[in-house]
Amino acid sequence: MRKLSSDKTLKEALDTLTQKPKVKRTMWSRRAQEYEAKINSGDLVSIAEVTRDLFRADDQPEQSYSERQLYEAALERLTREVAATSGGDELAAAKQVGDVLTSRAPAAA
184 MRKLSSDKTL KEALDTLTQK PKVKRTMWSR RAQEYEAKIN SGDLVSIAEV TRDLFRADDQ
244 PEQSYSERQL YEAALERLTR EVAATSGGDE LAAAKQVGDV LTSRAPAAA
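In this note's numbering, each number is its position in the sequence shown, counted from 1, plus 183.
Take a look at the structure:
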């Protein structure tokens, strides 16, 4: 177990979601391992980076099964942390994270 993230870390993580995705041009298996390590690190900003990098807007190409699995794992951890830190429920936190992600989607397209 670890302590919940601070408000400053939470804000930094949500700001990370608004940035342009950084997708390396390495083999998928290597990127997948890096993403998995970031998710398991428990660092909220790293989890937000994975969520941001694997997010696909409705008008973007489909994700592979493994991409979708990693994205959903990162999104779930981020959402739970946002809910726990803000004292709200997971549905409200999921909406908040989703709104932040979709707010930057037109700029990324």
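Backbone N, C-alpha and C fix where the C-beta goes; we use that ideal spot for every residue, glycine too.
Check your understanding: Are the CB atoms of Ala231 and Leu261 nearer to each other than 9 angstroms?
Key -> yes
Review point. Whose C-beta lies closer than 7 angstroms to the C-beta of Gly281 among residues of the same chain, with five residues either side of it excluded?
Key: none
Practice item. Give the secondary structure of Val233 by DSSP, where H, G and I count as helix, E and B as strand, and everything else as coil. Key: helix
Check your understanding: Does the separation of the CB atoms of Val283 and Thr209 fall below 9 angstroms?
Key -> no
Review point. Looking at the structure shown, is Arg239 part of a helix, part of a strand, or coil, going by DSSP?
Key: coil
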